[in-house]
Structure formats: structure tokens, C-alpha cells
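Everything below concerns the one structure shown next.
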Ligand SMILES: [Zn+2]
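Residue numbers (my numbering): 7 to 235.
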């Protein structure tokens with residue numbers, strides 16, 4: 007049976023690291039909404055307009071929202087994600103999803119599609135819990151590689167790294183996205199929009215697993231594996 011793992015948590019909870027582990031160790035396809043959105047920004051001109059359910063969404067407006075740390079319009083991200091989910095299902099992949107769904111609207115649109123393709127019992131929600139202090143601290147130290155966007159978590163071993171240990175490309179801060187002011191906006195967005203969505207998932211009977219994200223990557227990974235087996 008094909009599985010879908012949806013991973014949630016505030017910025018810096020380790021969603022990227024856990025998703026990459028599932029992708030590399032278990033062969034899951036990491037469906038990351040930020041990559042889907044950024045690919046769209048790269049592919050489509052700023053003037054391009056998406057028409058979704060009779061509403062119009064302009065690429066340049068969505069890009070502006072994205073850069074100020076506010077989530078892009080839910081219909082816009084949902085339409086990109088659903089297309090990608092269907093494409094990947096046909097390629098016979100297990101999925102690990104991060105970034106979307108993360109609002110009530112998104113989950114109401116994406117869950118029926120996932121249900122229909124994968125079956126409710128094969129959907130697992132992993133909720134990584136960390137404190138607000140950990141979020142701010144981890145994001146102020148985060149570096150991301152230029153080539154693959156591998157996220158390098160801060161530690162004494164990685165403190166002075168300038169090249170990605172996996173592919174050798176340059177490590178950079180994600181400008182704007184990881185600035186403290188942007189992180190505060192993202193945290194507020196997270197609390198207001200993501201938490202009610204999680205409650206909704208529970209009421210719908212989706213398997214929701216809460217895991218302490220303050221632990222090491224390896225420890226959290228072991229908990230994730232236990233949860234989804
Ligand atoms: Zn890399």
C-alpha cells in the first residue's frame with residue numbers, strides 16, 4: 007500500500023530534515039510546497055494569472071506574499087499541489103508532504119484527493135512540537151545549500167561549514183525567509199492557521215502523531231518510523 011506522510015510543525019521544527027531522511031532512507035518522494043511554489047515562480051512570468059474556481063491569482067502578487075512571510079493564497083498553492091499529487095501518484099511513489107496542507111482550506115481541498123488515491127488509513131500526520139524560543143534560535147542559525155536546498159541545522163560540527171556536505175554547493179542564509187521579523191510573522195501565521203487545521207484532521211479521524219521535535223534528528227526519526235509503521 008502506498009503511504010502519505012504529512013509533516014507539520016513551526017518553522018525550524020526539523021520538517022526538512024525528517025522529510026529528507028524518509029526520502030533517502032525509505033525512498034519516499036518529498037513533496038515540498040515551497041519547492042512547488044518556487045518552481046512555479048521560476049517557470050511562470052510575473053504577469054501570468056491563474057484562474058481557480060472563478061478567482062484570479064497573479065504570480066507577482068503571490069510572490070510578494072511569499073517574500074513577506076505571509077502564506078501564498080490557499081487556492082493558488084492547493085491547485086499547484088493537487089496537480090503534483092496526481093502526477094506523483096501515477097508514478098507510483100510513497101509521499102512525504104511538507105508545507106501544504108497547512109490551512110483549513112488547504113486540508114479541505116487536499117484531503118479528499120489523498121483519501122481517494124491513497125485511502126484514509128494510509129495517511130499519517132506527523133506533528134513536530136518545538137517551543138517558540140527554539141524556532142527563533144534555529145532559524146537565525148539556519149543555512150541552506152544553493153543546489154538542492156538541503157537545510158543544515160546548527161551545531162558545533164556545522165557552525166563553520168561553507169559547503170554542503172552532500173553535494174558541495176555553497177551554503178547560504180535564506181534571505182528574507184529566515185530573518186527574525188519574517189520568522190515572527192510566520193509563527194503568528196502558524197498559530198492562527200495551522201493549529202485549527204490539525205484539530206480538524208483529528209476530528210476527521212486522520213492518524214495524527216505528536217512528536218517532540220526538540221530531540222536530535224536521529225531520535226525524532228526513530229519516533230517517526232514507529233508512528234508510521
Ligand atoms: Zn546540498
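Glycine included, each C-beta is placed from N, C-alpha and C at the ideal position. Just so you know, these numbers come straight off a predicted model, no measurement behind them.
Runs of 4 residues minimum, wholly inside the region 41-105: which ones carry the alpha helix (DSSP H) assignment? 65-73, 80-96
For the alpha helix (DSSP H) containing residue 140, list its first residue and its last residue. Numbered from 1 along the chain shown, position 134 holds the residue referred to as residue 140. It spans 138-147 - the alpha helix (DSSP H) in which residue 140 sits, taken as one unbroken run.
Looking at residue 55: is its Cβ nearer than 9 Å to the Cβ of residue 132? Here residue 55 corresponds to residue number 49 of the chain shown, with the count starting at 1. Here residue 132 corresponds to residue number 126 of the chain shown, with the count starting at 1. No, these two residues do not count as a Cβ contact at 9 Å.
Could you spell out where the beta strand (DSSP E) holding residue 216 opens and where it closes? Here the question's residue 216 lines up with position 210 in the chain shown. Note, residue 216: beta strand (DSSP E), 213-218.
Indicate, with yes or no, if ligand 1 has a heavy atom lying under 8 Å from the CB of residue 25. To locate residue 25, count along the chain shown from 1; it is residue 19. Outside the cutoff, so no.
Mind checking who residue 169 pairs with in its DSSP beta bridge? For the purposes of this step, residue 169 is identified with residue 163 of the chain shown, where counting begins at 1. DSSP lists 176 as partners of residue 169.
Cβ shell of residue 47 (< 6 Å), same chain only, five flanking positions each side left out: Locating residue 47 in the chain shown gives position 41, where the first residue counts as 1. The answer, listed in chain order, is 69.
So who's on the other strand from residue 38, going by DSSP bridges? Stepping through the chain shown from its first residue, residue 38 is reached at position 32. 104, per the DSSP bridge assignment.
Give the residues whose C-beta lies closer than 6 Å to at least one heavy atom of ligand 1, in chain order. 151, 153, 154, 156, 170, 172, 173, 175
Cα-Cα separation between residue 5 and residue 59, rounded to whole angstroms: Any property of residue 5 remains undetermined from this structure, which presents the chain solely from 7 to 235.
Rounded C-alpha distance that separates residue 192 from residue 215: In the chain shown, the residue the question calls residue 192 occupies position 186. In the chain shown, the residue the question calls residue 215 occupies position 209. When rounded, the distance between both Cα atoms is 23 Å.
If you draw a straight line from the alpha carbon of residue 171 to that of residue 62, how long is it in whole angstroms? Taking the chain shown and counting its residues from 1, one reaches residue 171 at position 165. Taking the chain shown and counting its residues from 1, one reaches residue 62 at position 56. Going by the C-alpha atoms only, they are around 42 Å apart.
Do residue 19 and residue 167 have their C-beta atoms within less than 9 Å of each other? Here residue 19 is taken as the residue at index 13 of the chain shown, counted from 1. Here residue 167 is taken as the residue at index 161 of the chain shown, counted from 1. No, the Cβ-Cβ distance between residue 19 and residue 167 is not below 9 Å.
Which whole-angstrom value describes the C-beta separation of residue 7 and residue 96, a residue pair presumed to lie in contact below a C-beta threshold of 8 Å? Translated into positions along the chain shown, residue 7 becomes position 1. Translated into positions along the chain shown, residue 96 becomes position 90. So it is not a contact: roughly 16 Å between Cβ atoms.
If you follow the beta strand (DSSP E) that residue 135 is part of, which residue opens it and which one closes it? As a first step, residue 135 must be located in the chain shown, where it is residue number 129. Taken as a continuous stretch (DSSP letters only), the beta strand (DSSP E) holding residue 135 covers 129-135.
What number of angstroms, rounded off, separates the C-alpha of residue 67 from the C-alpha of residue 89? Locating residue 67 in the chain shown gives position 61, where the first residue counts as 1. Locating residue 89 in the chain shown gives position 83, where the first residue counts as 1. Cα to Cα, residue 67 sits roughly 21 Å from residue 89.
For residue 159 and residue 212, I'd like the C-alpha separation in whole angstroms. Residue mapping note: residue 159 aligns to position 153 of the chain shown, counting from 1. Residue mapping note: residue 212 aligns to position 206 of the chain shown, counting from 1. For residue 159 and residue 212, the distance between alpha carbons rounds to 30 Å.
Could you check how far apart the C-beta atoms of residue 114 and residue 87 are, in whole angstroms? I think they sit under 8 Å. Numbered from 1 along the chain shown, position 108 holds the residue referred to as residue 114. Numbered from 1 along the chain shown, position 81 holds the residue referred to as residue 87. Contact flag wrong, Cβ pair sits at about 13 Å.
If you count every other CB in all the chains shown that lies within 10 Å of the CB of residue 153, and 16 or more means buried, which is it? Numbered from 1 along the chain shown, position 147 holds the residue referred to as residue 153. Looking at its Cβ environment, which holds fewer than 16 other Cβ atoms inside 10 Å, residue 153 is exposed.
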